[in-house]
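Below: one structure, written as structure tokens.
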Amino acid sequence: MDFSKELIDWYSVNKRDLPWRRTQNPYYIWLSEIILQQTQVKQGLPYYERFVNAFPTIFDLAEASEETILKYWQGLGYYSRARNLRATAKHITRELEGEFPDNYKALLELKGVGDYTASAIASIAFNEVAAVVDGNVYRVLARYFGIKTPINTTNGIKEFKTLATVLIDKTQPAKFNQAIMEFGAIQCKPKNPDCSVCPLRSGCIALAQNSIETLPVKVKKTKVTTKYFNFLVCIDKNKNTLFEKRSKKGIWQNLYQFPLYESPKSINIKDFDTVALNSTLPQCKILDFSLYNEIDIVHKLSHQHLYTKFWILEVDSLGNSSIPFKDIHNYPTPVLISNFIDAVKIQNL
Ligand code: SF4
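All letters in the sequence shown, in the order written, are residues 4 to 352 by the working numbering.
So this is what it looks like as structure tokens:
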């Protein structure tokens, strides 16, 4: 069986009509690839469309403030990707006169661009023979060839990249790369792929050995820590609140949040530590407080689970650093906070 030909034939018939497939503009392809990292197409598509409309050229993106870009990015997570987008746009417009690098090696030099993204842009925009290996490709190759090497080890990364490089159709690398990724996304799906209609079924080792559910293999590495977050939603008599920019390095850097008190365990209204509360909010007098959510909202990140409570505090006056509560939706925030804002908007807090 000609693996590459089967994939490309399948792709010609089954591919989804997606906006970044109608262009070879490296700027748009780069945008789509960064947005779609760790994100499903269905979720990423509206973000892509909003970005392309708001920033039709790389110059528009380079001109935008970090806050504006983070606001457009809000809800996608992994906010360092948004910050890297801006840094790279600035670099290309200032150092490279707006010319996108046109080969794998040069693309790899860009901030936020690794092997996968460089290969995707080089092949799709410039037709370079550079094999992509993303989660979909790992799955298709691991199953079809029955490879048990864990995909998140140095050996695994090397083995799969080498195999993809051997398999890629040298005359149509853009099509092959898109075909294998699309095949993994809609045919050889993570759960319950319909192998009865698969054009590769006669050569598929996982199907023959009944090991589809166990492939690809991944070793568990990340230790997940649990944190207890208490966001202090202060409201003064003028309906102002405190909304702070997170300046510390980390995934939420430069996003906004209510003052945060981290407790050693989940706390309820009876044992809320007013001392800690006062040290988090030294500049105001608390008149009354209530708990917005009795049951913790659990927000799961890749390496942390955040058990979160929102406390509503009535205070006397918040001073100059406060902003009108009604304006907080204009600021870029982690999705955990924006969900709260949306909920209280409905309840007219
Ligand atoms: S037969 Fe099933 S497991 Fe094998 S490549 Fe096709 S969809 Fe994937």
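Heads up, the beta-carbon is just placed ideally off N, CA and C, and yes, glycines get one too.
Around the Cβ of valine 222, a 10 Å sphere holds fewer than 16 other Cβ atoms; the residue is exposed. Take isoleucine 272, set aside five residues on each side of it, and the residues of its chain with a beta-carbon closer than 7 Å to its own are Leu294, in chain order. Shown here for proline 219: same chain residues with a beta carbon closer than 6 Å to its own, the five before and five after excluded, namely Tyr141, Arg142, Ala145 and Ile154 in chain order. The bridge partners DSSP lists for cysteine 237 are Leu316. Taking a 10 Å sphere around the C-beta of leucine 99, we find fewer than 16 other C-beta atoms and assign the residue as exposed.
Between threonine 96 and phenylalanine 62 a beta carbon distance of about 5 Å is seen, short of the 8 Å cut, so the two are scored as contacting. Relative to the non-hydrogen atoms of ligand 1, the Cβ of alanine 209 comes within a distance shorter than 7 Å of at least one. Rounded to the nearest angstrom, the gap between the Cα atoms of phenylalanine 129 and isoleucine 72 is 27 Å. Counting of Cβ neighbours within 10 angstroms places glutamate 297 among the exposed residues, the total staying below 16. Taking 8 Å as the cut-off, the Cβ atoms of arginine 86 and isoleucine 37 do not count as close. Non-local beta-carbon contacts of isoleucine 208 in its own chain, meaning distances under 7 Å to residues more than five positions away in sequence, involve Tyr147, Phe148 and Gly149 in chain order. Placement of the Cβ of proline 196 at a distance of less than 7 Å from at least one heavy atom of ligand 1 is found. By the C-beta density criterion, aspartate 239 is buried, having at least 16 other C-beta atoms within 10 angstroms. Here aspartate 319 is exposed. Its C-beta has fewer than 16 other C-beta atoms within 10 Å.
A buried status is given to valine 135, since no fewer than 16 other beta-carbon atoms sit within 10 Å of its beta-carbon.
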